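Going by this note's numbering, the first residue of the sequence shown is number 16, and it counts up by one from there.
We put the CB at the ideal spot given by N, CA and C, even for glycine.
Treat the numbers as computed from the prediction; the structure is a model and nothing was measured.
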Amino acid sequence: MSSRWRYKTLLAVFLTLFAVYLLIPSVFNFRALREAAEKTGGSPPWYVKLFPDKQLSLGLDIQGGIYLELEVDLNDALVHRSDIISGELERFLKEKGIPYRKVSVIPKTSLIGIYLKDPASLPMLRRHLDETYGTALKELPQAPLLSFEVPSGGEGAMALPYEELLGWTQGKEGAPPEASEILEVTRFEGKIQVVLRSPEDSAKVAAAIRSRFGESLQPADVGPALYLAQSESYQERLREETLKQAVETIRNRIDRYGVAEPDIRRLGSNRVVVELPGVSDPDRAVGLVKRAGKLEFKLVDDGMTDAQVQQMVEQARSEFKIPSGYTEEVVGKLNEALKAKLPPESEIAYEIQYDPVTKKIVGGIPYLLKSKVEVSGEMLRNAQVSVHNNEPYVSLSFDNAGTKAFADLTAANIKKRLAILLDGTVSKAPVINSAIPSGEAQITLGYGDYQALMREAEDLVLVLREGALPASLQEATKTVIGPSLGKASIDRGWKAMLIAAAVVMVFMVFYYKGSGLLADLAVVLNVLFIFAALTLFGATLTLPGVAGIVLTIGMAVDANVIILERVKEELAAGKSIKAAVDAGYSNAMRAIVDSNLTTFLSGVVLYQFGTGPVRGFAVTLMVGILTTLYTAVVLTRLVYDYILSRRQVTKLSI
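Here you go:
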């Protein structure tokens with residue numbers, strides 16, 4: 016025998032043993048032994064440590080779980096970044112002692128408005144913007160809003176035109192066509208500000224307002240102001256970063272939650288796919304993924320009593336037919352309806368009340384809050400679960416910037432209420448009795464079952480530690496597959512594969528005798544190599560993947576059929592057995608490679624443009640083609656070469 020044959024034989028033996036080595040942890044479920052040892056604080060059996068940690072990953076359709084497609088609101092990310100920048104600019108103005116009136120994000124846009132008291136401060140501010148933000152921000156040459164004032168009558172006289180202009184934005188009857196160019200109507204320093212979709216529309220919108228209100232509403236000068244927009248290149252980079260951060264944040268949360276082998280990836284330009292196999296509590300897992308984790312501290316506006324706020328909210332719900340409930344959408348509609356009645360720069364938020372036993376929502380307490388976020392979760396250094404009087408709560412500590420901001424906030428607002436908000440909902444609103452220089456706070460979770468409260472506290476800490484999502488997520492697709500359905504699916508899948516394999520193998524032995532038995536051995540090794548490859552590369556086996564394996568079995572046998580038929584033709588032509596085998600393999604190679612190559616390219620296309628189940632089918636199909644070429648062509652030829660070189664064969668069983 017040639018040395019080349021020996022090397023091929025050693026390689027075949029090595030690959031077979033290596034495949035068995037890779038699959039033993041999956042066959043005997045070593046992962047369960049490791050997890051059981053971790054829970055008890057012990058160590059797994061010694062033999063478990065001899066094998067790799069990897070096991071064959073099963074898809075959701077096999078072991079059950081959750082499939083989620085989440086849409087990322089990228090515009091929300093742009094507004095959020097502008098909010099951060101406006102806070103940074105306000106701190107800069109304070110540190111430099113530059114007198115200013117307001118720094119804020121212009122409503123319903125990602126634009127930033129900076130209102131100064133002295134125009135002489137503008138050069139210093141522009142220099143800071145250029146040095147700090149470079150090309151990320153650009154100054155707008157024209158104001159993105161119009162300002163108006165009532166010549167006489169003060170705030171009371173301004174109420175009617177303000178309400179009517181608000182009606183224009185809400186599509187009320189009588190609004191002129193130019194109203195569609197108005198994004199929002201707000202108030203600032205006794206003036207009405209009309210936010211435009213585009214500054215180019217200012218002339219025609221101003222003409223429409225002048226036509227309707229005449230001299231009762233006059234253009235107003237807002238004083239020295241600067242309007243900033245994010246550059247297009249910066250927005251594009253921010254969108255890309257937002258998607259990456261969303262994927263990373265979700266992955267970190269799921270890793271801490273303890274789901275084995277989750278699949279979290281981007282889909283298209285604005286979606287994230289989350290696959291969580293084997294999850295026992297789907298609702299908790301989905302809530303953990305979707306929770307924004309947005310922590311905010313806002314001052315309660317004491318311009319109205321709690322009773323007045325409650326009455327105003329109830330009237331608005333009745334008048335505007337706003338449904339009961341406290342979701343973000345409902346509260347948003349409520350704030351929109353009350354815009355004309357709320358003080359400037361304020362909003363309504365709810366503290367939700369739960370039944371201590373059933374944990375169902377039983378009511379809500381409305382708060383009138385100032386819109387400005389005084390301290391945010393981005394200043395958080397740590398969050399942890401603590402227990403007092405057998406009641407779990409979450410204790411918070413801020414970083415240096417947060418500690419200073421929290422100390423300044425509490426020192427300047429003693430005897431006022433400070434609301435702690437989680438994802439737009441008030442957790443509590445305690446009175447500030449004294450300055451808090453330590454930079455610590457706590458979030459209580461109410462009353463109820465200890466284990467449920469502890470689980471809620473742990474989930475909240477997990478979300479806060481991993482950071483808020485960079486943008487809000489909307490559930491686009493959700494599929495929950497129960498483990499019983501998964502078990503039924505896999506049983507049917509395995510049964511189909513085994514029946515297909517058995518029928519093919521029996522036929523091969525019946526039709527091709529000993530050579531058919533050799534082809535069957537190649538099929539068995541082929542399936543072994545497929546499972547080993549899936550395990551080695553961390554691919555997931557799905558039901559379409561099982562279908563791909565069934566197809567691969569047929570293709571593997573097809574390759575052997577082509578070879579054996581060629582050998583039979585050569586034998587019929589009078590050639591010797593060795594010459595017939597050589598010619599059979601040589602003549603069959605082109606047809607085998609051509610057919611498998613075209614199928615492999617089809618698999619590449621399916622993987623590139625397909626999703627979920629289609630990709631699972633494509634993966635097993637491509638892996639199966641590669642293993643088929645090796646087992647059907649190389650391994651079977653090795654066996655023939657061995658037999659024909661070691662003994663005098665006068666008749667081939669074929």
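Taking the straight line between their C-alpha atoms, what separation do you get for residue i and residue j?
i	j	result
V649	E84	43 Å
A322	L437	24 Å
L532	F544	19 Å
R396	K309	14 Å
P628	A491	18 Å
D133	P239	7 Å
V209	A467	48 Å
V118	L314	17 Å
Y148	F163	32 Å
A562	G625	16 Å
I451	K387	20 Å
I337	L71	52 Å
E204	I197	20 Å
V409	V400	5 Å
F632	T642	15 Å
W20	Y645	15 Å
A221	M173	17 Å
R432	L175	32 Å
P381	Q78	45 Å
T264	L484	7 Å
A51	D68	14 Å
N541	S530	16 Å
L37	Q623	28 Å
F33	Y249	50 Å
Use the C-beta contact count for residue i: other C-beta atoms within 10 angstroms, 16 or more gives buried, fewer gives exposed.
i	result
I514	exposed
P114	exposed
E53	exposed
D296	exposed
Y341	buried
E389	buried
P445	exposed
G508	buried
F45	buried
E154	exposed
S442	buried
N575	buried
E471	buried
So which of the options has the shortest CA-CA distance to residue i?
i	options	result
K305	E585, F546, G482	G482
I578	Y600, I592, S449	Y600
D316	T342, L384, V619	L384
L258	A486, Q663, S125, E196	A486
K23	V654, L460, T665	V654
I100	V87, R116, L126, L89	L126
Q325	S167, L636, Y365, D278	Y365
A456	G392, R46, G378, S231	G392
K219	S195, I207, G205, M604	S195
V301	Y82, K419, R581, F203	Y82
P234	A606, L161, Q330	L161
E311	A554, W20, T440	T440
R271	T665, Y177, T31, V476	V476
L244	P156, H143, D656, L460	For the sequence presented, residue 244 should be read as Ala rather than Leu. Of P156, H143, D656, L460, the residue nearest in Cα terms is P156.
Considering just the uninterrupted stretch of the alpha helix (DSSP H) at residue i, what are its terminal residues?
i	result
K109	89-111
I207	Unbroken run through I207 is the beta strand (DSSP E), 206-211; no alpha helix (DSSP H).
P381	P381 -> not in any alpha helix (DSSP H); beta strand (DSSP E) instead, spanning 376-385.
V28	18-42
K354	Premise fails: K354 is in no alpha helix (DSSP H) and is neither H nor E.
Q70	Where Q70 is concerned, there is no enclosing alpha helix (DSSP H), given that its DSSP letter is neither H nor E.
D656	651-661
Q466	465-481
So residue i is in the beta strand (DSSP E); what residue range does that whole segment cover?
i	result
I197	197-203
A491	488-496
L152	152-154
Y130	127-131
N397	395-403
D278	278-282
I77	That residue, I77, is in no beta strand (DSSP E); its alpha helix (DSSP H) goes 75-78.
Consider the Cβ of residue i: report whether some Cβ of chain B lies at a distance smaller than 9 Å.
i	result
E351	Within the model displayed, chain B is absent; a lone protein chain is all it includes.
For a minimum of 4 consecutive residues, which ranges assigned as the alpha helix (DSSP H) are wholly contained in the region 288-330? 297-305
Continuous beta strand (DSSP E) assignments of at least 3 residues falling wholly in the region 406-457: 406-413, 433-437, 440-443
Return the chain-ordered ranges of every beta strand (DSSP E) run that is complete within the region 216-259 and spans a minimum of 3 residues. 240-245
Can you list, in chain order, the stretches of the alpha helix (DSSP H) that have 4 or more residues and sit fully within the region 553-619? 558-587
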